[in-house]
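*Asks:* In the working numbering, the protein residues as written are 57 to 552.
Can you read through this structure? Questions will come right after.
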(Lines of atoms letter the chains of each structure in order from A and count residues from 1; the text may use other names and numbers.)
(Lines give C-alpha, C1' and ligand atoms only; values in the text may rest on other atoms or scores of the structure.)
Protein backbone atom coordinates (compact mmCIF):
# COMPACT_ATOMS: atom_id res chain seq x y z
CA UNK A 1 0.00 0.00 0.00
CA UNK A 2 1.79 3.16 -1.09
CA UNK A 3 -0.62 5.25 0.99
CA UNK A 4 -2.60 3.63 3.85
CA UNK A 5 -5.34 6.24 3.49
CA UNK A 6 -5.99 5.34 -0.16
CA UNK A 7 -7.89 2.37 -1.59
CA UNK A 8 -4.96 1.23 -3.71
CA UNK A 9 -3.21 -2.12 -3.30
CA UNK A 10 -0.33 -3.27 -5.46
CA UNK A 11 0.01 -7.06 -5.49
CA UNK A 12 2.57 -9.28 -7.17
CA UNK A 13 2.20 -12.72 -8.64
CA UNK A 14 5.24 -14.31 -10.25
CA UNK A 15 6.87 -10.85 -10.21
CA UNK A 16 4.04 -9.35 -12.24
CA UNK A 17 2.25 -6.44 -10.59
CA UNK A 18 -1.41 -5.54 -10.70
CA UNK A 19 -3.39 -2.87 -8.85
CA UNK A 20 -6.52 -3.72 -6.83
CA UNK A 21 -9.01 -1.87 -4.67
CA UNK A 22 -10.36 -3.17 -1.36
CA UNK A 23 -13.07 -5.10 -3.24
CA UNK A 24 -10.25 -6.98 -4.99
CA UNK A 25 -11.24 -5.37 -8.28
CA UNK A 26 -8.54 -4.55 -10.81
CA UNK A 27 -7.97 -0.82 -11.30
CA UNK A 28 -5.71 1.19 -13.62
CA UNK A 29 -5.79 -1.79 -16.02
CA UNK A 30 -5.66 0.58 -18.99
CA UNK A 31 -1.94 0.95 -18.33
CA UNK A 32 0.62 -1.60 -19.43
CA UNK A 33 2.19 -1.80 -15.97
CA UNK A 34 1.63 0.17 -12.77
CA UNK A 35 3.98 -0.05 -9.78
CA UNK A 36 4.84 1.81 -6.59
CA UNK A 37 7.67 4.32 -6.88
CA UNK A 38 10.28 2.80 -4.60
CA UNK A 39 13.70 4.01 -3.60
CA UNK A 40 16.57 2.34 -5.40
CA UNK A 41 18.52 2.50 -2.14
CA UNK A 42 15.83 1.22 0.23
CA UNK A 43 12.93 -0.80 -1.14
CA UNK A 44 10.82 -0.10 1.95
CA UNK A 45 10.57 3.59 1.01
CA UNK A 46 7.95 4.55 -1.57
CA UNK A 47 6.09 7.62 -2.71
CA UNK A 48 2.69 8.10 -1.03
CA UNK A 49 0.97 10.26 -3.64
CA UNK A 50 2.11 8.90 -6.98
CA UNK A 51 2.66 5.69 -8.95
CA UNK A 52 4.68 4.95 -12.05
CA UNK A 53 3.28 3.39 -15.20
CA UNK A 54 4.90 1.94 -18.31
CA UNK A 55 4.03 2.60 -21.93
CA UNK A 56 6.26 1.24 -24.64
CA UNK A 57 9.86 1.73 -23.55
CA UNK A 58 9.13 4.67 -21.25
CA UNK A 59 7.78 5.35 -17.78
CA UNK A 60 5.47 8.10 -16.58
CA UNK A 61 3.70 9.07 -13.35
CA UNK A 62 0.03 8.87 -12.35
CA UNK A 63 -1.69 9.91 -9.14
CA UNK A 64 -3.55 7.47 -6.84
CA UNK A 65 -6.79 8.13 -8.74
CA UNK A 66 -5.17 7.02 -12.00
CA UNK A 67 -4.81 10.49 -13.54
CA UNK A 68 -1.75 11.09 -15.72
CA UNK A 69 0.82 13.42 -14.14
CA UNK A 70 3.60 13.02 -16.71
CA UNK A 71 3.92 11.43 -20.11
CA UNK A 72 5.99 8.19 -20.33
CA UNK A 73 9.19 9.96 -21.32
CA UNK A 74 11.59 8.63 -18.66
CA UNK A 75 13.94 5.64 -18.71
CA UNK A 76 13.52 5.09 -14.97
CA UNK A 77 11.62 6.58 -12.04
CA UNK A 78 12.50 6.01 -8.38
CA UNK A 79 11.78 7.54 -5.02
CA UNK A 80 14.62 9.69 -3.75
CA UNK A 81 16.05 8.32 -0.52
CA UNK A 82 15.83 10.74 2.45
CA UNK A 83 13.52 13.03 0.50
CA UNK A 84 9.82 12.08 0.56
CA UNK A 85 7.72 13.80 -2.07
CA UNK A 86 10.63 14.08 -4.49
CA UNK A 87 10.92 11.69 -7.42
CA UNK A 88 14.18 10.91 -9.21
CA UNK A 89 13.76 10.58 -12.98
CA UNK A 90 16.16 9.68 -15.78
CA UNK A 91 15.80 11.03 -19.31
CA UNK A 92 18.32 10.60 -22.11
CA UNK A 93 20.87 9.32 -19.60
CA UNK A 94 20.57 12.36 -17.35
CA UNK A 95 18.84 12.69 -13.97
CA UNK A 96 16.45 15.27 -12.56
CA UNK A 97 13.89 15.60 -9.77
CA UNK A 98 10.11 16.10 -9.87
CA UNK A 99 7.64 16.65 -7.08
CA UNK A 100 4.61 14.34 -6.68
CA UNK A 101 2.54 16.64 -8.94
CA UNK A 102 5.04 16.40 -11.78
CA UNK A 103 6.56 19.87 -11.31
CA UNK A 104 10.26 20.11 -12.16
CA UNK A 105 12.39 20.68 -9.06
CA UNK A 106 15.72 19.91 -10.76
CA UNK A 107 16.14 19.71 -14.53
CA UNK A 108 17.26 16.41 -16.05
CA UNK A 109 20.84 17.43 -16.70
CA UNK A 110 22.96 15.73 -14.02
CA UNK A 111 24.79 12.41 -14.05
CA UNK A 112 23.94 11.74 -10.42
CA UNK A 113 21.63 13.21 -7.78
CA UNK A 114 21.46 12.27 -4.10
CA UNK A 115 19.62 13.80 -1.17
CA UNK A 116 22.04 14.95 1.54
CA UNK A 117 20.19 13.29 4.48
CA UNK A 118 19.61 16.47 6.50
CA UNK A 119 16.83 15.98 9.08
CA UNK A 120 15.26 18.03 11.87
CA UNK A 121 12.57 17.13 14.36
CA UNK A 122 10.37 19.99 13.16
CA UNK A 123 10.81 19.62 9.41
CA UNK A 124 11.74 15.94 9.13
CA UNK A 125 13.47 15.57 5.71
CA UNK A 126 11.64 18.44 4.01
CA UNK A 127 14.69 20.76 4.17
CA UNK A 128 16.96 18.09 2.72
CA UNK A 129 19.08 19.43 -0.12
CA UNK A 130 20.68 17.73 -3.12
CA UNK A 131 24.24 16.80 -3.98
CA UNK A 132 24.51 16.70 -7.77
CA UNK A 133 27.28 15.45 -10.04
CA UNK A 134 28.40 15.96 -13.63
CA UNK A 135 31.04 14.02 -15.53
CA UNK A 136 34.17 15.96 -16.46
CA UNK A 137 37.36 15.17 -18.36
CA UNK A 138 39.23 14.39 -15.15
CA UNK A 139 36.46 12.56 -13.32
CA UNK A 140 33.22 13.64 -11.64
CA UNK A 141 32.53 17.10 -10.27
CA UNK A 142 30.00 17.77 -7.51
CA UNK A 143 27.76 20.70 -6.71
CA UNK A 144 24.93 21.48 -4.34
CA UNK A 145 21.28 22.56 -4.65
CA UNK A 146 19.02 23.50 -1.75
CA UNK A 147 15.72 21.75 -1.00
CA UNK A 148 13.90 23.97 -3.52
CA UNK A 149 16.40 23.18 -6.28
CA UNK A 150 18.27 26.50 -6.14
CA UNK A 151 21.99 26.28 -6.98
CA UNK A 152 24.19 26.91 -3.94
CA UNK A 153 27.49 25.58 -5.33
CA UNK A 154 28.26 24.88 -8.99
CA UNK A 155 29.50 21.44 -10.02
CA UNK A 156 33.23 22.06 -9.75
CA UNK A 157 34.28 20.20 -6.60
CA UNK A 158 36.02 16.83 -6.34
CA UNK A 159 33.99 15.86 -3.28
CA UNK A 160 31.14 17.39 -1.33
CA UNK A 161 29.29 16.59 1.89
CA UNK A 162 26.94 18.42 4.22
CA UNK A 163 27.22 18.83 7.99
CA UNK A 164 23.97 17.35 9.23
CA UNK A 165 23.36 18.28 12.87
CA UNK A 166 23.29 21.88 14.10
CA UNK A 167 20.82 24.44 15.45
CA UNK A 168 20.31 27.06 12.73
CA UNK A 169 18.84 27.31 9.22
CA UNK A 170 22.12 27.61 7.31
CA UNK A 171 23.72 25.02 5.05
CA UNK A 172 27.27 23.96 5.93
CA UNK A 173 29.19 22.17 3.18
CA UNK A 174 32.63 20.57 3.20
CA UNK A 175 34.04 20.72 -0.32
CA UNK A 176 37.31 19.66 -1.93
CA UNK A 177 38.97 21.38 -4.90
CA UNK A 178 42.44 20.58 -6.22
CA UNK A 179 43.00 18.18 -3.36
CA UNK A 180 42.35 20.75 -0.62
CA UNK A 181 39.23 21.00 1.52
CA UNK A 182 37.28 24.04 2.67
CA UNK A 183 33.93 24.85 4.31
CA UNK A 184 31.05 26.88 2.91
CA UNK A 185 28.25 28.46 4.91
CA UNK A 186 25.59 28.63 2.21
CA UNK A 187 27.48 30.25 -0.70
CA UNK A 188 30.17 31.91 1.43
CA UNK A 189 33.50 30.20 2.08
CA UNK A 190 34.18 30.43 5.82
CA UNK A 191 37.20 28.09 6.09
CA UNK A 192 39.81 28.43 3.36
CA UNK A 193 41.04 25.60 1.11
CA UNK A 194 44.13 24.87 3.16
CA UNK A 195 43.45 21.41 4.57
CA UNK A 196 43.92 17.81 3.52
CA UNK A 197 40.90 16.75 5.60
CA UNK A 198 38.00 18.44 7.35
CA UNK A 199 35.41 16.60 9.43
CA UNK A 200 32.43 17.83 11.40
CA UNK A 201 31.69 16.83 15.00
CA UNK A 202 27.90 16.56 15.36
CA UNK A 203 28.08 16.41 19.15
CA UNK A 204 30.38 19.40 19.61
CA UNK A 205 29.27 21.30 16.48
CA UNK A 206 32.89 21.99 15.58
CA UNK A 207 34.89 21.53 12.37
CA UNK A 208 38.15 19.58 12.78
CA UNK A 209 40.75 20.41 10.14
CA UNK A 210 43.94 18.49 9.38
CA UNK A 211 46.87 20.30 7.80
CA UNK A 212 50.05 18.31 7.24
CA UNK A 213 49.16 15.95 10.08
CA UNK A 214 48.35 18.72 12.57
CA UNK A 215 44.81 19.36 13.83
CA UNK A 216 42.97 22.64 14.27
CA UNK A 217 39.41 23.49 15.24
CA UNK A 218 36.80 25.94 13.93
CA UNK A 219 33.37 27.15 14.99
CA UNK A 220 30.32 27.07 12.74
CA UNK A 221 30.96 30.70 11.78
CA UNK A 222 34.45 29.78 10.58
CA UNK A 223 36.28 31.41 13.50
CA UNK A 224 39.35 29.46 14.61
CA UNK A 225 39.17 27.90 18.08
CA UNK A 226 42.66 26.35 18.03
CA UNK A 227 45.26 26.63 15.28
CA UNK A 228 46.33 23.47 13.39
CA UNK A 229 49.33 22.62 15.53
CA UNK A 230 48.26 19.53 17.52
CA UNK A 231 49.33 15.97 16.73
CA UNK A 232 46.28 14.24 18.24
CA UNK A 233 42.94 15.11 19.82
CA UNK A 234 39.73 13.80 21.31
CA UNK A 235 36.43 15.59 21.78
CA UNK A 236 33.62 15.27 24.30
CA UNK A 237 30.76 17.72 24.00
CA UNK A 238 32.03 21.17 24.92
CA UNK A 239 35.64 20.09 25.47
CA UNK A 240 38.65 19.36 23.28
CA UNK A 241 41.65 17.39 24.51
CA UNK A 242 44.76 18.04 22.40
CA UNK A 243 48.36 16.82 22.44
CA UNK A 244 51.40 18.82 21.38
CA UNK A 245 55.05 17.99 22.11
CA UNK A 246 53.91 15.05 24.27
CA UNK A 247 51.89 17.39 26.47
CA UNK A 248 48.12 16.96 26.68
CA UNK A 249 45.85 19.87 27.51
CA UNK A 250 42.11 20.44 27.77
CA UNK A 251 40.28 23.37 26.15
CA UNK A 252 36.63 24.28 25.92
CA UNK A 253 35.08 24.90 22.50
CA UNK A 254 35.74 28.63 22.87
CA UNK A 255 39.48 27.96 23.05
CA UNK A 256 39.82 28.58 26.79
CA UNK A 257 42.39 26.45 28.59
CA UNK A 258 40.75 24.18 31.16
CA UNK A 259 43.48 21.78 32.32
CA UNK A 260 47.22 22.39 32.49
CA UNK A 261 48.36 19.09 34.03
CA UNK A 262 50.72 16.90 32.09
CA UNK A 263 48.23 14.20 31.18
CA UNK A 264 49.31 11.35 28.94
CA UNK A 265 45.77 10.29 28.03
CA UNK A 266 42.30 11.80 28.04
CA UNK A 267 39.30 9.55 27.53
CA UNK A 268 35.92 10.76 26.38
CA UNK A 269 32.86 9.70 28.37
CA UNK A 270 29.22 9.33 27.39
CA UNK A 271 28.54 12.47 29.42
CA UNK A 272 30.03 15.26 27.28
CA UNK A 273 30.76 17.37 30.37
CA UNK A 274 33.55 15.09 31.59
CA UNK A 275 36.87 13.56 30.62
CA UNK A 276 38.77 10.79 32.37
CA UNK A 277 42.42 11.83 32.42
CA UNK A 278 45.50 9.72 33.15
CA UNK A 279 48.87 11.17 34.20
CA UNK A 280 52.40 9.86 33.74
CA UNK A 281 52.18 7.79 36.94
CA UNK A 282 48.99 6.05 35.90
CA UNK A 283 46.78 8.04 38.26
CA UNK A 284 43.30 8.76 36.96
CA UNK A 285 41.27 11.94 37.44
CA UNK A 286 37.87 13.27 36.46
CA UNK A 287 38.01 16.72 34.93
CA UNK A 288 35.70 19.18 33.27
CA UNK A 289 35.53 22.93 32.98
CA UNK A 290 34.21 23.40 36.52
CA UNK A 291 35.24 20.20 38.34
CA UNK A 292 38.51 18.39 38.94
CA UNK A 293 38.64 15.24 41.05
CA UNK A 294 42.24 14.17 41.53
CA UNK A 295 42.36 11.53 44.26
CA UNK A 296 45.05 9.27 42.78
CA UNK A 297 42.53 6.72 41.61
CA UNK A 298 43.98 3.64 39.97
CA UNK A 299 41.11 3.32 37.50
CA UNK A 300 37.94 5.24 36.64
CA UNK A 301 35.01 4.22 34.46
CA UNK A 302 31.88 6.20 33.66
CA UNK A 303 28.62 4.78 35.05
CA UNK A 304 25.69 7.13 34.31
CA UNK A 305 24.56 10.72 34.89
CA UNK A 306 27.32 12.28 37.07
CA UNK A 307 28.44 8.98 38.63
CA UNK A 308 31.84 7.37 38.10
CA UNK A 309 33.14 4.01 39.35
CA UNK A 310 36.66 4.29 40.75
CA UNK A 311 39.29 1.84 42.02
CA UNK A 312 42.00 2.65 44.55
CA UNK A 313 45.50 1.20 44.75
CA UNK A 314 44.34 -1.46 47.20
CA UNK A 315 41.91 -2.76 44.56
CA UNK A 316 38.78 -1.62 46.37
CA UNK A 317 36.07 -0.01 44.28
CA UNK A 318 33.50 2.71 44.99
CA UNK A 319 31.39 5.37 43.26
CA UNK A 320 31.89 9.13 43.22
CA UNK A 321 29.52 11.91 42.16
CA UNK A 322 31.57 14.14 39.86
CA UNK A 323 29.11 17.00 40.23
CA UNK A 324 29.41 17.23 44.03
CA UNK A 325 32.80 15.46 44.41
CA UNK A 326 31.17 13.32 47.10
CA UNK A 327 31.87 9.58 47.39
CA UNK A 328 28.41 8.00 47.13
CA UNK A 329 29.46 4.35 47.59
CA UNK A 330 32.47 3.74 49.79
CA UNK A 331 35.36 1.76 48.24
CA UNK A 332 34.69 -1.58 49.95
CA UNK A 333 33.87 -3.78 46.98
CA UNK A 334 36.05 -6.03 44.81
CA UNK A 335 34.27 -4.64 41.78
CA UNK A 336 31.29 -2.52 40.79
CA UNK A 337 29.83 -2.59 37.28
CA UNK A 338 27.01 -0.84 35.51
CA UNK A 339 24.25 -3.33 34.74
CA UNK A 340 24.10 -3.20 30.95
CA UNK A 341 21.23 -1.17 29.52
CA UNK A 342 20.21 0.22 32.93
CA UNK A 343 20.95 2.94 35.42
CA UNK A 344 21.77 0.55 38.24
CA UNK A 345 24.95 -1.00 39.62
CA UNK A 346 26.03 -4.50 40.59
CA UNK A 347 28.60 -4.61 43.42
CA UNK A 348 30.48 -7.67 44.72
CA UNK A 349 31.97 -7.86 48.22
CA UNK A 350 34.23 -10.90 47.91
CA UNK A 351 35.26 -10.93 51.57
CA UNK A 352 31.64 -11.28 52.71
CA UNK A 353 30.45 -13.19 49.60
CA UNK A 354 27.75 -10.56 49.06
CA UNK A 355 26.02 -9.33 45.91
CA UNK A 356 24.60 -5.81 46.29
CA UNK A 357 22.41 -3.96 43.80
CA UNK A 358 22.25 -0.16 43.82
CA UNK A 359 19.37 1.65 42.18
CA UNK A 360 19.43 4.73 39.95
CA UNK A 361 19.54 7.01 43.01
CA UNK A 362 22.34 4.81 44.48
CA UNK A 363 20.19 3.26 47.20
CA UNK A 364 21.03 -0.35 48.03
CA UNK A 365 17.97 -2.37 47.00
CA UNK A 366 19.31 -5.95 47.12
CA UNK A 367 21.82 -7.70 49.37
CA UNK A 368 22.25 -11.41 48.71
CA UNK A 369 24.82 -13.85 50.04
CA UNK A 370 26.56 -15.86 47.29
CA UNK A 371 24.26 -14.18 44.78
CA UNK A 372 24.36 -14.22 40.99
CA UNK A 373 22.68 -11.84 38.57
CA UNK A 374 21.33 -12.60 35.09
CA UNK A 375 19.48 -10.55 32.49
CA UNK A 376 15.97 -11.70 31.67
CA UNK A 377 15.28 -9.09 28.99
CA UNK A 378 15.91 -5.40 28.36
CA UNK A 379 13.64 -4.40 31.27
CA UNK A 380 14.35 -6.93 33.99
CA UNK A 381 17.09 -8.98 35.67
CA UNK A 382 17.11 -11.63 38.38
CA UNK A 383 19.38 -11.97 41.42
CA UNK A 384 19.43 -15.47 42.92
CA UNK A 385 21.31 -17.80 45.22
CA UNK A 386 20.85 -21.31 46.62
CA UNK A 387 17.86 -20.19 48.68
CA UNK A 388 16.72 -16.78 47.49
CA UNK A 389 15.79 -14.80 44.38
CA UNK A 390 14.69 -11.25 43.62
CA UNK A 391 13.77 -9.40 40.43
CA UNK A 392 14.92 -5.89 39.58
CA UNK A 393 13.89 -3.44 36.87
CA UNK A 394 16.11 -1.19 34.77
CA UNK A 395 16.27 1.38 37.59
CA UNK A 396 17.48 -1.22 40.08
CA UNK A 397 14.19 -1.36 42.01
CA UNK A 398 12.91 -4.69 43.31
CA UNK A 399 9.72 -5.80 41.52
CA UNK A 400 7.38 -8.78 41.79
CA UNK A 401 7.68 -11.75 39.46
CA UNK A 402 4.07 -11.17 38.39
CA UNK A 403 5.24 -7.91 36.80
CA UNK A 404 8.18 -9.59 35.06
CA UNK A 405 6.10 -12.51 33.74
CA UNK A 406 2.53 -11.20 33.44
CA UNK A 407 1.16 -14.21 31.52
CA UNK A 408 2.33 -17.20 33.55
CA UNK A 409 -0.06 -19.55 35.31
CA UNK A 410 2.04 -20.12 38.43
CA UNK A 411 4.72 -18.04 40.15
CA UNK A 412 7.53 -18.87 42.54
CA UNK A 413 6.63 -17.77 46.08
CA UNK A 414 8.26 -17.98 49.51
CA UNK A 415 6.82 -18.68 52.96
CA UNK A 416 8.78 -19.20 56.17
CA UNK A 417 12.05 -19.55 54.26
CA UNK A 418 10.74 -22.26 51.91
CA UNK A 419 9.61 -22.02 48.29
CA UNK A 420 6.61 -23.22 46.34
CA UNK A 421 4.21 -21.84 43.72
CA UNK A 422 1.15 -19.59 43.80
CA UNK A 423 -1.25 -18.32 41.16
CA UNK A 424 -1.57 -14.66 40.14
CA UNK A 425 -3.99 -14.10 43.06
CA UNK A 426 -1.30 -15.33 45.51
CA UNK A 427 -3.21 -18.55 46.24
CA UNK A 428 -0.75 -21.32 47.10
CA UNK A 429 -0.97 -24.10 44.52
CA UNK A 430 2.24 -25.99 45.34
CA UNK A 431 3.18 -26.07 49.01
CA UNK A 432 6.25 -24.12 50.09
CA UNK A 433 8.49 -27.05 50.97
CA UNK A 434 11.51 -26.54 48.72
CA UNK A 435 14.85 -24.85 49.40
CA UNK A 436 14.56 -22.93 46.11
CA UNK A 437 12.62 -23.18 42.85
CA UNK A 438 12.89 -21.64 39.40
CA UNK A 439 10.13 -19.87 37.52
CA UNK A 440 8.30 -21.88 34.88
CA UNK A 441 10.09 -21.67 31.54
CA UNK A 442 8.58 -21.26 28.09
CA UNK A 443 8.15 -25.04 27.86
CA UNK A 444 5.99 -25.16 30.99
CA UNK A 445 8.47 -26.68 33.45
CA UNK A 446 10.22 -25.42 36.57
CA UNK A 447 13.02 -26.74 38.76
CA UNK A 448 12.46 -27.63 42.43
CA UNK A 449 15.36 -28.14 44.84
CA UNK A 450 15.43 -29.94 48.16
CA UNK A 451 18.44 -31.06 50.22
CA UNK A 452 20.83 -30.16 47.41
CA UNK A 453 19.03 -32.14 44.69
CA UNK A 454 16.90 -30.89 41.80
CA UNK A 455 13.59 -32.16 40.51
CA UNK A 456 11.03 -31.03 37.93
CA UNK A 457 7.43 -29.81 38.16
CA UNK A 458 4.93 -28.84 35.43
CA UNK A 459 2.47 -25.94 35.20
CA UNK A 460 -0.34 -28.11 36.55
CA UNK A 461 1.62 -28.42 39.79
CA UNK A 462 2.47 -32.08 39.11
CA UNK A 463 5.92 -33.27 40.13
CA UNK A 464 7.51 -34.88 37.05
CA UNK A 465 10.75 -35.80 38.81
CA UNK A 466 11.19 -35.81 42.58
CA UNK A 467 14.31 -33.90 43.74
CA UNK A 468 16.95 -36.51 42.90
CA UNK A 469 19.27 -34.91 40.33
CA UNK A 470 22.70 -33.95 41.65
CA UNK A 471 23.77 -31.19 39.27
CA UNK A 472 27.24 -29.67 39.26
CA UNK A 473 26.02 -26.14 38.58
CA UNK A 474 25.43 -23.03 40.58
CA UNK A 475 23.17 -21.50 37.94
CA UNK A 476 19.46 -22.14 37.87
CA UNK A 477 18.91 -25.21 35.67
CA UNK A 478 16.26 -25.36 32.96
CA UNK A 479 14.25 -28.51 32.28
CA UNK A 480 12.03 -29.92 29.55
CA UNK A 481 10.17 -32.77 31.19
CA UNK A 482 12.73 -35.01 32.85
CA UNK A 483 15.52 -33.66 30.65
CA UNK A 484 18.04 -30.93 31.44
CA UNK A 485 18.16 -28.13 28.86
CA UNK A 486 21.80 -27.42 28.04
CA UNK A 487 22.28 -23.98 26.46
CA UNK A 488 25.80 -23.43 25.20
CA UNK A 489 26.93 -22.84 21.61
CA UNK A 490 24.47 -25.59 20.68
CA UNK A 491 21.20 -25.99 22.57
CA UNK A 492 20.27 -29.56 23.39
CA UNK A 493 18.64 -31.71 26.05
CA UNK A 494 20.45 -34.37 28.02
CA UNK A 495 19.18 -37.10 30.26
CA UNK A 496 20.37 -36.62 33.84
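Beta carbons are placed, not taken as given, at the ideal position from N, Cα and C, and that holds for glycine.
1. Classify residue 459 as helix, strand or coil using the three-state DSSP reduction.
2. Return helix, strand or coil for residue 494, following the three-state DSSP convention.
3. Could you check which residue in 106, 450, 62, 138 has the C-alpha nearest to that of residue 126?
4. Based on DSSP bridge pairs, tell me the residues matched to residue 348.
5. Since residue 339 and residue 352 are thought to touch, with beta carbons under 8 Å apart, how far apart are those beta carbons, to the nearest angstrom?
6. If you reduce the DSSP assignment to three classes, tell me which class residue 138 lands in.
7. Could you tell me the distance, in whole angstroms, from the CA atom of residue 75 to the CA atom of residue 88?
8. Who are residue 439's beta bridge partners in DSSP?
9. So what's residue 402 in DSSP terms, helix, strand or just coil?
10. Figure out for me which residue from 405, 490, 212, 424 has the closest Cα to the Cα of residue 46.
11. Are there 16 or more other CB atoms within 10 angstroms of the CB of residue 218, so buried, or fewer, so exposed?
12. Thinking C-alpha only, which one of 241, 288, 304 is nearest residue 279?
13. Taking 8 Å as the threshold (C-beta atoms), are residue 451 and residue 480 in contact?
14. For residue 154, which residues in the same chain have their Cβ closer than 8 Å to its Cβ, ignoring the five residues on either side in sequence?
15. By the DSSP assignment, the beta strand (DSSP E) with residue 469 in it spans what residues?
16. Is the separation between the beta-carbon of residue 341 and that of residue 355 shorter than 8 Å?
17. Whole angstroms are fine: how far does the CA of residue 492 sit from the CA of residue 514?
18. Closest to residue 291 by C-alpha separation, out of 326, 285, 267, 268, would be which residue?
19. Quick check on residue 104: does DSSP put it in helix, strand or coil?
20. Does DSSP put residue 203 in a helix, a strand or coil?
21. Identify, in the order they occur along the chain, each residue of the same chain with its Cβ nearer than 7 Å to the Cβ of residue 232, setting aside the five sequence neighbours on each side.
22. Among all the DSSP beta bridges, which residues are the ones paired with residue 322?
23. Which residue comes first and which comes last in the beta strand (DSSP E) that contains residue 283?
24. So the candidates are 111, 530, 391; which of them puts its Cα closest to the Cα of residue 86?
25. For residue 217, does the three-state DSSP call read helix, strand or coil?
26. Thinking just about the alpha-carbon of each residue, which of 129, 486, 140, 418 is nearest to the one in residue 364?
27. DSSP puts residue 233 in a beta bridge; with which residues?
28. Between residue 228 and residue 276, how many whole angstroms is the CB-CB distance? I'm expecting something under 8 Å.
29. Taking DSSP's pairing of strands, which residues face residue 265 in a bridge?
30. Can you tell me whether residue 534 is buried or exposed? The criterion is at least 16 other CB atoms within 10 Å of its CB, across all chains shown.
31. Name the DSSP bridge partner or partners of residue 297?
32. Do the CB positions of residue 151 and residue 168 come within less than 8 Å of each other?
33. Roughly how many angstroms lie between the CA atoms of residue 500 and residue 477, to the nearest whole one?
34. Ignoring anything shorter than 3 residues or poking outside the stretch 507-552, list the beta strand (DSSP E) runs there in chain order.
35. Tell me the residue span of the beta strand (DSSP E) that contains residue 115.
36. If the criterion is Cβ atoms closer than 8 Å, does the pair residue 435 and residue 449 meet it?
*Replies:* The relevant details are as follows:
1. helix
2. coil
3. 106
4. 343
5. 5 Å
6. coil
7. 11 Å
8. 429, 446
9. strand
10. With the chain covering 57 to 552 only, the question about residue 46 has no answer from this structure.
11. buried
12. 241
13. no
14. 117, 126, 142, 143, 145, 160, 161
15. 467-471
16. no
17. 16 Å
18. 326
19. strand
20. coil
21. 213, 214, 215
22. 333
23. 280-286
24. 111
25. strand
26. 418
27. 236
28. 7 Å
29. 254, 272
30. buried
31. 290, 306
32. yes
33. 13 Å
34. 509-514, 519-525, 534-536, 539-543, 547-551
35. 114-118
36. yes
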